[in-house]
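Trainee: Residue numbers (full-length UniProt numbering): 1 to 148.
Could you have a look at this structure, given as structure tokens, before my questions?
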């Protein structure tokens with residue numbers, strides 16, 4: 001085998017690896033996210049992911065006193081708020097934008113630059129009910145939290 005043939009085979013192998021990796025990485029990015037959390041009556045913290053497809057899980061059941069954490073893993077801005085849109089009056093205080101002036105210590109934002117990818121919002125549900133909510137910035141993205 002000549003040096004040119006060896007170089008050609010090596011180049012072909014490298015190109016094959018680059019193409020394979022190039023196809024695999026975007027495929028992995030488009031996979032649905034498994035947050036690995038099951039809402040049960042014994043939890044005191046629940047994480048909800050905001051993905052490009054909306055909120056996941058869509059309608060968890062939690063006990064009163066549970067803190068819910070929303071994490072924006074989408075390419076869209078996020079402003080979590082109770083229904084109805086745009087007044088957010090069904091559950092007073094359950095409004096990510098209104099937290100700067102909220103005296104409720106159980107309601108806070110980490111980090112302060114909400115709305116961006118990887119931003120986090122936490123809210124502790126103190127009242128039972130079926131609380132519908134949405135992304136104020138993309139109001140067609142809606143979900144429900146059932147608090148027992």
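Note that the Cβ used here is the ideal one computed from N, Cα and C, for glycine as well.
Exposed or buried, which one is residue 68 when buried takes at least 16 other CB atoms within 10 Å?
Mentor: buried
Trainee: Starting from the C-beta of residue 134, find all residues in its chain whose C-beta is less than 7 Å away, skip the five residues before and the five after it, and write them out in chain order.
Mentor: 81, 83, 85, 141, 142
Trainee: Where do the N-terminal and C-terminal ends of the beta strand (DSSP E) with residue 71 fall, by residue?
Mentor: 67-72
Trainee: Give the secondary structure of residue 58 by DSSP, where H, G and I count as helix, E and B as strand, and everything else as coil.
Mentor: coil
Trainee: Which stretch, first to last residue, makes up the beta strand (DSSP E) that contains residue 47?
Mentor: 45-51
Trainee: Does residue 88 pass the burial test, meaning 16 or more other C-beta atoms within 10 Å, or should it be called exposed?
Mentor: buried
Trainee: Relative to the alpha-carbon of residue 57, which residue among 65, 70, 63 has its alpha-carbon at the smallest distance?
Mentor: 70
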